[in-house]
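Protein chains in written order, with the numbering used here: chain A, 1 to 427; chain B, 1001 to 1427.
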């Protein structure tokens, strides 16, 4: 993993951070590193996430899911951090047979259930509390679909949940394979645990190699100039405080599209509090050059673009053509073209004095995605220390959860206040 | 179509716009409306897009694609505005057999081509100039895949292009069905033309009904208090100038996920210039309540959230359960739950004094998507007038296009400057 912050320096971009400011910031990084290391040593809430490459036992996961590892498909029923890690890993491994139900859209749920051969499908249902409304509603629907299809759902379901609650009780009652959500790890930091790894394990992927990738990034030294994760977290923080309120995560690989979604959750829920926090927005190279690049290059100077690419990927040759205007495409490869687009976009932003950071991984494979996920998590924890906020909580979503529950259930203070909406309707 | 701007008023949110400021802004809306109407009357560049519901002939499209309308699948080869409109319409109509190749990722292109039954697949290849690097490279690969599969590609391909260039010459040489990209309409405004409609026409959808939906929105009166499109464009502009530099487009329907991508292109390329322009970011309800809502509600006060929902949708019943903690879910519907999440999120933002706008369409169907696309286009054109920028160009992407072409071809000034990159690498 290489992180290149050259195009985020004040000598190159505005906003940008000067070398001198980085040197000063590095002293704060060293202190933050001490705090993080203490949290890791004591397995403190949140910080424990950075120990997952060591504390997660891949064999235990593989053995627990063995009863369903004949499945051709895996359906992940979860939402937010209970789904995004698994989806990100599945996509990075090129496995399109791991699907996710992470929304309660009736049309979409019906379509997914009608397309899946349920007798060949394993289900992981993921909720720490066992009461997440969207997840449990979907699970009840999925369970009924199995029964209607004549498939014994108790033979196909793995629960991933906490020590108590409805899902744990269900697992106990029906003797389902059950994995524990790791203690002290918020959902958005749980990709390198049973939560993110179980679906890949069911499908036979080498989840040990994913954890090994995480381990490659887990040995952090106390300087942003030596640790890629800290370089990223510190520079993103420094740019935010200098006006880059937006962080556009733009991988150049379709297999990292879900990674950008995962990053958006990590960054938003961890850092978006107390009136602080950079807005993460998701983009995809080269596609979004024809959508977002105009604004990144010529809009307000409030956007950091994070460009991610693998150094190696299989290529696909573009056939030769005798048309003069297209001859330059012949005998190149689609991957070569994609890499050229990457370099051109990076240079185009630099030419306009807009900040970007380059993240390079060797390949999008087991170790590559493990290393990338861990690096971004450590970057986020560092940024949280620099902001001085509570990185591991998400208090602002609780009000809405209670209101939604009240609206479909027995009512409560929050749901009553929904009715007070101010209207100014134009139709 | 209803647009509710009540939660964007200064009495409710910060940033917000006062009723008095809206009244003053409405005078500028009236003048902008005059300018827009003149542009429409004279079919001026860009403004002509707002005439598409009248000027697009659905029968001509349907007749032109008749030679391939037996296809079970349609593959759209295009990028940016040449793909997003078609993808948005396909998704809104629930048609998962219209696929898009809008990136030059070798793995992804290989996978799509391996999954498609090519003998039952029609291809629309879309590029005004006929030289867009990504599109033409993909088309050369697709054409070879047909040949290798023993399928005569000249029987399966429809071109959608300008009056000249390689694609036009190809169509002439092989007598392919050919549709014209409309004159004077930038790609991102071309959804309601052959560009957006041809794939749906091949699959037998009622594209006349989509255009009828557009017509419902096309009769604009000169006040933001009477025209939903102007209400949206004017309030988004007013909030941006008051600090809402970000516009989070958050539909509550999986079938509108691509719509949010389409909107992001429309908003970015049209308004992101001269140092101006709101950053559009894409979200999805209810999923992103567990990802982005924390920051929308508790991060910096720089974000407008646009909530979109259909008033009607088919529902899917959640089975009853005897578990006490889950009993409130029983006998509700997934759609009912999704609507409750919508209301809860809207109220949750209001309770925190964060601005939102509600957009309601009747249903996500042919007329609904036509009306929604047109409304957002008219909103964008109005916003462009209020910003005082050139809405219909995208000059900032040209540098990168030349650089990329230089990197894989004969070299040029831009590609040479790519090599000058400043590096500060941490690994």
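All C-beta atoms, glycine included, are put in the ideal place defined by N, C-alpha and C. Owing to the predicted nature of the structure, the values given are computational and were not obtained by experimental measurement.
The beta-carbon separation of residue 29 of chain A and residue 224 of chain A, rounded to 5 Å, stays under the 8 Å limit for a contact. Taking all protein chains in view, the Cβ of residue 255 of chain A is crowded by 16 or more other Cβ atoms within 10 Å, so the residue is classified as buried.
If the five residues before and after residue 4 of chain A are omitted, its C-beta is found closer than 6 Å to the C-beta atoms of 358, all from its own chain and listed in chain order.
When the Cα atoms are used, residue 409 of chain A and residue 340 of chain A turn out to be separated by approximately 55 Å. Residue range 398-408 is occupied by the alpha helix (DSSP H) that includes residue 405 of chain A.
For residue 1184 of chain B, the closest of B/1238, B/1144 and B/1040 by C-alpha to C-alpha distance is B/1040. Straight through space, the alpha carbons of residue 306 of chain A and residue 1360 of chain B are spaced by roughly 34 Å.
When C-beta atoms of the stretch 1245-1263 of chain B are compared with those of the stretch 1300-1318 of chain B, three or more pairs fall below 8 Å, so the two segments count as touching. Restricting attention to alpha helix (DSSP H) runs no shorter than 4 residues, the stretch 133-209 of chain A encloses them at 133-148, 166-174 and 194-202, ordered along the chain. Against chain A, the beta carbon of residue 1273 of chain B has neighbours under 8 Å at 294, 295, 298 and 299, listed in chain order. When Cβ-Cβ separations below 8 Å define contact, residue 1392 of chain B makes no contact with chain A.
Taking a contact as a CB-CB distance under 8 Å, the pair residue 387 of chain A and residue 230 of chain A does not count as one, their CB atoms being some 14 Å apart. Out of A/206, A/222 and A/227, the CA that lies nearest to the CA of residue 216 of chain A is found in A/227. Here the alpha carbon of residue 1302 of chain B sits roughly 12 Å from the alpha carbon of residue 243 of chain A. Counted as a single uninterrupted DSSP element, the alpha helix (DSSP H) harbouring residue 231 of chain A occupies residues 228-241. For residue 399 of chain A, the residues of chain B that pass the 7 Å Cβ criterion are 1348 and 1351, in the order they occur in the chain. Here the alpha carbons of residue 108 of chain A and residue 158 of chain A stand approximately 22 Å from one another.
Taking C-beta atoms as the reference points, residue 1407 of chain B and residue 1417 of chain B fail to come closer than 8 Å. Secondary structure note for residue 339 of chain A: its alpha helix (DSSP H) is the uninterrupted segment 334-351.
In this model, residue 1201 of chain B and residue 1150 of chain B are separated by some 26 Å (Cα to Cα). Taken through DSSP and simplified to helix, strand or coil, residue 360 of chain A comes out as strand. Residues of chain B whose Cβ lies closer than 7 Å to the Cβ of residue 321 of chain A are, in chain order, 1140. The C-alpha of residue 334 of chain A is placed about 25 Å away from the C-alpha of residue 1096 of chain B. Annotation for residue 73 of chain A: the continuous beta strand (DSSP E) segment containing it runs 73-77. In this structure residue 1115 of chain B does not touch residue 1075 of chain B by the C-beta definition: roughly 11 Å separates them, more than the 8 Å allowed. Within the same chain, and ignoring the five residues on either side of residue 1129 of chain B in sequence, the residues whose Cβ sits closer than 6 Å to its Cβ are 1165. For residue 123 of chain A, the enclosing beta strand (DSSP E) covers residues 121-127.
Contact of residue 104 of chain A with chain B is assigned, a C-beta pair being separated by under 8 Å.
Shortest Cα-Cα distance from residue 1368 of chain B to any of B/1180, B/1311, B/1343 and B/1163 involves B/1311.
Each residue's CA atom was taken as its position, placing residue 189 of chain A and residue 266 of chain A some 7 Å apart.
Among the bridge pairs identified by DSSP, residue 1247 of chain B is matched with B/1280 and B/1304. Close CB contacts of residue 21 of chain A within its chain, under the 8 Å cut and outside five residues either way in sequence, are with 10 and 238 (chain order). Residues of the stretch 1110-1131 of chain B whose Cβ lies closer than 8 Å to any Cβ of chain A, in chain order: 1110, 1111, 1130 and 1131. The contact set of residue 1306 of chain B on chain A, defined by CB atoms closer than 7 Å, is empty, because the minimum CB distance reaches about 14 Å. A contact between stretches requires three or more CB pairs, one per stretch, nearer than 8 Å, and the stretch 1057-1064 of chain B meets this requirement with the stretch 1203-1214 of chain B.
In the structure shown, residue 413 of chain A adopts helical secondary structure according to DSSP, grouped into three states.
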